[in-house]
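The sequence shown begins at 101 in the working numbering and counts up by one.
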Amino acid sequence: MRYDRHGFPIPAEFERSSPTARDAVDFGRLGPQPVTLDRDDGHGLPGFDGPGGDRSAMRPRAGAWKRWLLLAAILGGVVPAIVIPQILPAVREAVVQWSLERAAECEARSDIVGAIADVSRALRWHGEEADLLCMRAMLSLEERDAPGSLEDAVRATAIAPTAVQPWRVRALVNVVLNDVDAALSAADMVVNLSAAGDPDALNHRAYIRGLVGRDLPAALADIDQALASGDESSAEMLDTRGFLLHLLGRHREAVDQLNLAITGMQQNRRKIGLLSGRVDPVQLACRLRGLDHGMAVMLHHRALACRAVGLEEQAKQDFELADRKGFDPSRGIF
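What follows is the structure, encoded as structure tokens:
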């Protein structure tokens, strides 16, 4: 037996056949006949010798398009899945910051509803956080939504049970809701969670006790300790002491203390006002707004003490000015 150049045996019929005969072997038995592209179909395209002259061989295969579509779908799903987690924290932070800036702008122009909406957006993007909840709680209280304010304050204490600010807010809201026991309990928590002898915590508890008319001698002891260990010229603390002296029937002493408190607040406001043009105008407006509310409270307290000692004209002036500056117990400005 003979072998071809590849080492395969040559069948006998190949040996008996001439080269022409071998070339004429029926390849139909071995598979489809190859398509030849050796003639023009009359349109400038090659003709086909296959069955029926099928042009489908020149069309792009459907499988290729499917592969490209699949690749595009994969990239469309994978790329965002990779990129979005990387940029989402930055987007979230930007939205929160923008929302808080808008809230400050709204508060500066006394648009409390708008400020609440902006802080709510910040909470949705950031997630519940104690300071943001306290911020919205105070705004809600000013909008006369004490129940909503309390709900936020309670959630804040659940998130950060050892933080002081949520308990401060709870105390104030419960005063508005006339829940005396809850207000006093929250004020006690402020003192317990603060450093021993903290002046701000003692001042807060003393004031809450004065607002609900409970434990007044203990309240006076709190504020005396706060003044001794803190800033003896603090307008806020002097106001608390004057208010408590009035409630204890020591009206003339109260007037003297409240005069000092109001003078101190006026000086503070002038100092803050001098910063105009040198600090952010929105932050300045918010600060001045807060000072005006503090002044309103002090003027109301002095009006009470003046009326108690028979200074009716001074009391009338103070009451009127306090109202113009925003004194309103139903909004937590008391």
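C-beta: ideal position from N, C-alpha, C; glycine also.
Every value quoted in this text rests on a predicted model; they were computed, and no experiment measured them.
Output the distance between the C-alpha atoms of Ala256 and His304, rounded to the nearest integer angstrom. 19 Å
Counting only the same chain and skipping the five closest in sequence on each side, list residues whose C-beta sits under 8 Å from that of Asp218. Ser199, Leu200, Arg202, Ala203 and Cys206
Skipping 5 residues on each side, what residues in its chain have a beta carbon closer than 6 Å to that of Leu441? This structure does not reach residue 441, given that the chain is present from 101 up to 434, and the question cannot be answered.
Look at Lys425 and Asp392 and say whether their C-beta atoms are less than 8 Å apart. yes
Nearest to Asn359 by CA position, among Val213, Gln383, Leu384 and Leu404, is which residue? Leu404
Only counting the same chain, and skipping five residues up and downstream in sequence, which positions put a Cβ closer than 7 Å to that of Gly248? Ser240
Within 10 Å of its beta-carbon, does Val264 have 16 or more other beta-carbons around it, so buried, or fewer, so exposed? buried
By Cβ distance below 8 Å, which residues in the same chain neighbour Leu316 in space, the five residues on each side in sequence not counted? Arg309, Gly310, Leu344, Leu347 and Leu348
Short of 6 Å in beta carbon distance, which residues of its chain neighbour Val291, apart from the five on each side in sequence? Order them along the chain. Ala301 and Arg305
Given this structure, state the Cα-to-Cα distance separating Gln357 from Pro189, to the nearest angstrom. 51 Å
What beta strand (DSSP E) runs, 3 residues minimum, are completely inside the stretch 337-409? none
Looking at the strands, I want to know which residues DSSP matches up with Phe428. The sequence shown places Asp at residue 428, not Phe. According to DSSP, which records beta bridges pairwise, Asp428 is partnered with Ile433.
For Asn292, name the three-state secondary structure that DSSP assigns. helix
Based on Cα-Cα distance, which residue from Arg221, Ala335, Val312 and Asp211 lies nearest to Val196? Arg221
Would you say Val409 and His351 are within 8 Å of each other, going by their C-beta atoms? yes
Starting from Thr257, follow the alpha helix (DSSP H) in both directions and report where the run begins and ends. Ala246 to Ile259
Which two residues bound the contiguous alpha helix (DSSP H) that contains Ala319? Leu316 to Ser329
Tell me which same chain residues have a C-beta within less than 6 Å of the C-beta of Asp322, skipping the five on either side of it? Leu302, Arg305 and Ala306
What is the DSSP secondary structure of Gly214, counted as helix, strand or coil? helix
Pull up the CB-CB distance for Phe419 and His401, whole angstroms please, since I reckon it's below 8 Å. Contact doesn't hold; Cβ gap of about 11 Å is too wide.
Between the alpha carbons of Ala354 and Glu193, how many angstroms are there, rounded? 48 Å
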